[in-house]
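Visitor: Handing you a structure now.
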Amino acid sequence: MGVNLRVTKRLLWVGDAVYPLQNIARVYVFLLHPERKRAVFRFLKRLTIASIVLLVISLSNDASPGADDTGGSQAAFMTLGFAVLCYLVVDLVSVLLAQPHHVLAIETNGNSTALIAGSNLEALRRLTQDLAYAIENPGTEFQVRVETLNINPRSYQFGDNVNMYGGANNVGIAR
50 MGVNLRVTKR LLWVGDAVYP LQNIARVYVF LLHPERKRAV FRFLKRLTIA SIVLLVISLS
110 NDASPGADDT GGSQAAFMTL GFAVLCYLVV DLVSVLLAQP HHVLAIETNG NSTALIAGSN
170 LEALRRLTQD LAYAIENPGT EFQVRVETLN INPRSYQFGD NVNMYGGANN VGIAR
């Protein structure tokens, strides 16, 4: 299973997506790491919220006048709590067990970015060089079949990290 990546005169095709070569701003290879720390904090936040909601529901059921608890609502409540806990644990474990992947990123002048994952780092670096050559020489044509990879984008951090200090209206202009 894979996707075709090809360059034809002035276009880059990644599957069915088309990128004009003159709009490609950056092509590079990097290691895409799962966001394990973020997943742990997300798990703790969701667990806290779910616990508070379930506690409020439990207290409102106990405090309601004329509540005749035969144990059925208690079992349903415990089942709901267990189901929520199972979902949260599975979500956490899926991120904690996710593997890092070598990725070729193709960024354009706009907001578009194509990510091509591969197990062979040297093949991705060679592909980066081929794309750079095609950008410099618009008549170049080639075609490569690359493997596809299905990942959950919530589990990974992609892009540059920028720390900005001061001011709320930063537009990137130095005065």
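Take 50 as the starting number for the sequence shown in my numbering and just add one per residue. Glycine is no exception: its CB is placed at the ideal position from the N, C-alpha and C atoms.
#1: Tell me which same chain residues have a C-beta within less than 7 Å of the C-beta of L80, skipping the five on either side of it?
#2: Tell me whether the region 91-105 and the region 69-76 touch, counting them as touching only if at least three CB pairs, one residue from each stretch, are closer than 8 Å.
#3: Reducing DSSP to helix, strand and coil, say where T162 ends up.
#4: Pull up the distance between the alpha-carbon of V193 and that of I101, whole angstroms please.
#5: Using a Cβ-Cβ cutoff of less than 8 Å, which residues in the same chain neighbour L129 once the five nearest sequence positions on both sides are dropped?
#6: Tell whether a beta-carbon distance below 8 Å holds between E190 and T57.
#7: By the DSSP assignment, the alpha helix (DSSP H) with T177 in it spans what residues?
#8: Please identify the residue among Y136, C135 and L108 whose C-alpha is closest to the C-alpha of Q123.
Guide: Working from what's here:
#1: For L80, where only same-chain residues beyond five positions count, the Cβ hits under 7 Å are P149 and H151.
#2: In this structure the region 91-105 does not touch the region 69-76; the number of beta carbon pairs closer than 8 Å is below three.
#3: Taken through DSSP and simplified to helix, strand or coil, T162 comes out as strand.
#4: V193 and I101 have their C-alpha atoms some 53 Å from each other.
#5: The residues are L103.
#6: In this structure, E190 lies near T57, with their beta-carbon atoms less than 8 Å apart.
#7: Where T177 is concerned, the enclosing alpha helix (DSSP H) stretches over L170 to E185.
#8: It is L108 whose Cα lies nearest to the Cα of Q123.
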